Amino acid sequence: MMTLDKFEEAAEKVKEVVLPTNLIYSEYFSAQTGNKVYLKPENMQYTGAYKVRGAYYKISTLAEEERQKGLVTASAGNHAQGVAYAAKLFGVPATIVMPEATPLLKVNRTKSYGAEVVLYGSVYDEASQYALKLAEEKGAAFIHPFNDETVATGQGTIAMEIFKELPTVDIILVPIGGGGLAAGVSTLAKLLNPNIMVIGVEPAGASCMKASLNAGEVVTLPDVETIADGTAVKTPGNVVFPYIQENIDEIITVEDHELIVNFLDIIENHKMVVENSGLLTVAALKHLKCKNKKVVSILSGGNMDIITLSSVVQHGLIQRGRVFTIAVLLPDRPGELVNVANVIAEMNGNIIRLEHNQFVSINRNAAVELTITLEAFGHEHKQQIINALRAKGYDPKAESPTGIYDK
Numbered sequence: 315m316m317t318l319d320k321f322e323e324a325a326e327k328v329k330e331v332v333l334p335t336n337l338i339y340s341e342y343f344s345a346q347t348g349n350k351v352y353l354k355p356e357n358m359q360y361t362g363a364y365k366v367r368g369a370y371y372k373i374s375t376l377a378e379e380e381r382q383k384g385l386v387t388a389s390a391g392n393h394a395q396g397v398a399y400a401a402k403l404f405g406v407p408a409t410i411v412m413p414e415a416t417p418l419l420k421v422n423r424t425k426s427y428g429a430e431v432v433l434y435g436s437v438y439d440e441a442s443q444y445a446l447k448l449a450e451e452k453g454a455a456f457i458h459p460f461n462d463e464t465v466a467t468g469q470g471t472i473a474m475e476i477f478k479e480l481p482t483v484d485i486i487l488v489p490i491g492g493g494g495l496a497a498g499v500s501t502l503a504k505l506l507n508p509n510i511m512v513i514g515v516e517p518a519g520a521s522c523m524k525a526s527l528n529a530g531e532v533v534t535l536p537d538v539e540t541i542a543d544g545t546a547v548k549t550p551g552n553v554v555f556p557y558i559q560e561n562i563d564e565i566i567t568v569e570d571h572e573l574i575v576n577f578l579d580i581i582e583n584h585k586m587v588v589e590n591s592g593l594l595t596v597a598a599l600k601h602l603k604c605k606n607k608k609v610v611s612i613l614s615g616g617n618m619d620i621i622t623l624s625s626v627v628q629h630g631l632i633q634r635g636r637v638f639t640i641a642v643l644l645p646d647r648p649g650e651l652v653n654v655a656n657v658i659a660e661m662n663g664n665i666i667r668l669e670h671n672q673f674v675s676i677n678r679n680a681a682v683e684l685t686i687t688l689e690a691f692g693h694e695h696k697q698q699i700i701n702a703l704r705a706k707g708y709d710p711k712a713e714s715p716t717g718i719y720d721k
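Numbering (our numbering), first residue to last: 315 to 721.
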């Protein structure tokens, strides 16, 4: 059972491994939402995520002879690194089963902590089944990523730290994947203050916990589709589910496009990299109906590979109207390209790329296609540039949802 005594024990134990992640007051998000918003930056932990808390506490509760038989787990990222790092500190062997498509960066970081990495299966579920088989064969302890009361107790120590810094907190927003973090945080928060509101946040494309709460029992989604890979879970944990039922007041679901723009907000206003799952609670801020409340958003992790990061930045800029592409038709005669460039320059637009296609039409004298990728200050400035081009007789094509103009 997750009791106050256990949480206090865990809070003392994890001090041996966690870095301080003091609350950050966000003037930007407070102004945006009308609440007093604080960020709990678990992305700043040594392994880049909160997961080391539950892993370390769980391993500390095992008998020495159990630990020496080794540890086994399955994970595609944060939990893998948390277990590997905790095992290194305890001086015990760890085997981590990761899906075959796991980014090389995460595989190498897990190996760097001394763990043996086994690549198996195309998704987490397949890797987990194989890890359970390995644990049984080796007689090793299996450290579940979320469906374990002891692991959840370790994760819940985040709530203890929040209350010590901000005793009058009104609302805690916590990401939900399998439910371990949310179960631990909400249970301890309610023990410390029964009147506090704890809201879970899931990606709309993987809202297995909301579906389970609506059904009154654990259910499995047919599939999941979200960029928040750390919370892309089909089936929540049955062990932690009763704690969620009792202590989570509400679940908010957010769309992937909301995560993208909030990624830019966090980078520009707080100079932090937060992975998509960690941004769930930031995106949820605008869904709150309350005002003038003290709200803490838990940023659960910051492990993001560079390719994903660059893609999210690009799509975020498109959504904000700061990068867009237009296609215009113009006669194939000297000076036309300069004329278009001058119009854009007069409007303070910045040309990033030009593509001049002379073969869009058989009659080159009638029309060639000029595709222009531009940088602007936002949607209003973008529209001003488009209007200026139209005024000069150049008619950009209608915009598509991606911010690129349809040809």
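Glycine included, each C-beta is placed from N, C-alpha and C at the ideal position.
None of these values were measured; they are calculated from a predicted model.
Buried/exposed call for residue i, threshold 16 Cβ in 10 Å
| i | result |
| --- | --- |
| D563 | exposed |
| I541 | buried |
| D709 | exposed |
| Q359 | buried |
| R647 | exposed |
| P550 | buried |
| S436 | exposed |
| A529 | exposed |
| G461 | The sequence shown places Asn at residue 461, not Gly. By the 10 Å Cβ count, N461 comes out buried. |
| I665 | exposed |
| H393 | buried |
| K447 | exposed |
| A466 | buried |
| T534 | exposed |
| E356 | buried |
| Y557 | buried |
| L668 | exposed |
| L333 | exposed |
| R367 | buried |
| P517 | buried |
Beta-bridge partners of residue i, as assigned by DSSP
| i | result |
| --- | --- |
| R667 | T687 |
| V386 | T409 and F456 |
| Y352 | Y339 and V610 |
| A363 | G615 |
| T540 | Partner(s): none; T540 has no beta bridge. |
| T567 | E516 |
| P489 | V515 |
| V431 | I410 |
| V682 | L644 |
C-alpha distance - residue i paired with residue j, whole-angstrom precision
| i | j | result |
| --- | --- | --- |
| G470 | A497 | 7 Å |
| V515 | I490 | 6 Å |
| K721 | A429 | Only weak support is given to the placement of K721: the predicted model assigns it a pLDDT of 40, under 50, and the value that follows is read from those uncertain coordinates. If you take the alpha carbons of K721 and A429, they lie about 51 Å apart. |
| K603 | I566 | 12 Å |
| G396 | M316 | 21 Å |
| G468 | V609 | 22 Å |
| L376 | C522 | 31 Å |
| N625 | T687 | One point to set straight first is that residue 625 is Ser, not Asn, in the sequence displayed. Roughly 16 Å between the two C-alpha positions. |
| G663 | G391 | 40 Å |
| P459 | K478 | 26 Å |
| I373 | F691 | 51 Å |
| I457 | A388 | 8 Å |
| V575 | R634 | 7 Å |
| K365 | L684 | 50 Å |
| N552 | S442 | 16 Å |
| A445 | Y438 | 10 Å |
| Q672 | I620 | 36 Å |
| V488 | N561 | 12 Å |
| H571 | V547 | 19 Å |
| D319 | K383 | 28 Å |
| G592 | K329 | 22 Å |
| L643 | A681 | 6 Å |
| K696 | I410 | 48 Å |
| K585 | N507 | 32 Å |
| T545 | E379 | 33 Å |
| H693 | L418 | 37 Å |
| M618 | E589 | 6 Å |
| L631 | M412 | 32 Å |
| Y339 | A641 | 43 Å |
| V483 | K607 | 8 Å |
Expected contact under 8 Å - CB spacing of residue i and residue j to nearest Å
| i | j | result |
| --- | --- | --- |
| L337 | K350 | That pair is no contact at about 11 Å. |
| Y434 | K402 | Actually they do not touch by this definition, with Cβ atoms about 22 Å apart. |
| A455 | L385 | 5 Å |
| V587 | S611 | That pair is no contact at about 16 Å. |
| K706 | V657 | 5 Å |
| L599 | F343 | 6 Å |
| T424 | A449 | At roughly 17 Å, the Cβ-Cβ gap does not stay under 8 Å, so T424 and A449 are not in contact. |
Residue i at chain C interface by Cβ criterion, 7 Å
| i | result |
| --- | --- |
| S500 | Chain labels in this structure do not include chain C; a single protein chain is all it has. |
Item to check | Those runs of the beta strand (DSSP E) which lie wholly inside the stretch 599-670 and span at least 3 residues | outcome: Entirely contained in the stretch 599-670, the beta strand (DSSP E) runs reaching 3 residues are, in chain order, 608-613 and 637-644.
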